[in-house]
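Reading through the structure tokens given below for one structure.
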Amino acid sequence: MLGACLQAAVFYRYADSNPVRELPPAQRPRPERKEAAYFENAELPRLFGHFQEELHRTLCLVALKTGMRQGELLALRWGDVDLEQAVVRVRSSYTGGTLGTPKNRERRDVDLFSDVVELLAGGRRVERGGSIDDLVFPGDNGSGFLSPTVLLPRHLYPAMAAAEIRRVGPTQEKRTFHSFRHTFAKRALESGAQITWLSRHLGHSSLKVTTDIYGHWERAERKLQAAKMEGAFPV
């Protein structure tokens with residue numbers, strides 16, 4: 615506002631110059647990124663032993679073992695699942711009550727672990743007369759989209775409470791459905807996965823996004839790997 619006023623003064627010859635234009639551009643402070651809330655390994659068996667309905671247990675287990683976003687899973691149809699090739703084709707997302715493309719418009723293929731293939735095969739309704747257009751995880755009435763506002767308070771949070779798992783995790787952040795995705799990323803990096811692979815697998819818009827969120831876990835793993843070199847040299 616001040617710069618505009620001074621520039622007007624220069625235009626109408628009330629001033630010779632606009633000193634504001636000589637100032638360096640203002641640097642906005644970057645908000646501190648919160649550390650991702652994840653589940654501890656010891657908590658997972660307890661959590662998955664307390665879901666009341668198999669559909670919601672399977673949904674959360676697939677989220678944990680694929681790292682897929684909630685909206686991508688809610689929009690998943692059997693036609694997107696290739697059990698023979700052990701791959702899920704992420705082509706759409708159900709978010710905010712609207713069906714659209716995945717975040718960042720990043721359509722991608724997600725490779726499945728063998729136990730996830732078995733898990734999905736056990737619930738595949740296509741083999742029982744269903745359609746490839748049927749949702750893998752339909753709403754509570756068996757049709758339509760499962761609402762995230764129903765999933766959390768009615769299914770995930772009660773299971774966490776029954777398993778005596780705190781809503782606030784080790785990072786002092788509240789755990790949500792997205793915590794399954796964070797847990798997948800943490801376990802992947804701890805298992806030696808390359809962060810470039812993780813970035814593509816998660817459908818991030820850039821490697822920087824992945825590094826900003828999960829880079830500290832990768833650095834911690836690198837330190838552990840470097841520590842294994844202690845005493846490796848005879849001199």
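Residue numbers (our numbering): 615 to 849.
Every residue, glycine too, gets a C-beta built ideally from N, C-alpha and C.
Query                                                                                                                 : Result
Close beta carbons around G829, own chain, < 8 Å, minus the five adjacent residues each side                          : I809
Neighbourhood of E787 by C-beta distance below 8 Å, restricted to the same chain and skipping five residues each side : K648, E649, A650 and A651
The region 657-664 in contact with the region 690-706 per 3-pair CB rule at 8 Å                                       : no
Nearest neighbour of T785, chosen from V702, T797 and M774 [CA to CA]                                                 : T797
Best match in D747, F791, R768 and L766 for proximity to G758 [C-alpha to C-alpha]                                    : D747
Nearest candidate by alpha-carbon position, reference S745, set I779, P762, L765 and D694                             : D694
Residue closest to D696, alpha-carbon to alpha-carbon, out of M682, T715 and V724                                     : V724
Where H820 falls: helix, strand or coil (DSSP)                                                                        : Sequence check: residue 820 is Ser here, not His. S820: coil per DSSP, three-state reduction.
Own chain, CB closer than 8 Å to E832, minus 5 neighbours either side, in chain order                                 : L803, I809 and T825
Outcome for P716 when other beta-carbon atoms lying within 10 angstroms are tallied against a minimum of 16           : buried
Opening and closing residue of the beta strand (DSSP E) in which T932 lies                                            : Nothing in the structure corresponds to residue 932, since the chain is present only between 615 and 849.
DSSP three-state assignment for P784, whether helix, strand or coil                                                   : coil
Pair within 8 Å by beta-carbon distance, G817 and E732                                                                : no
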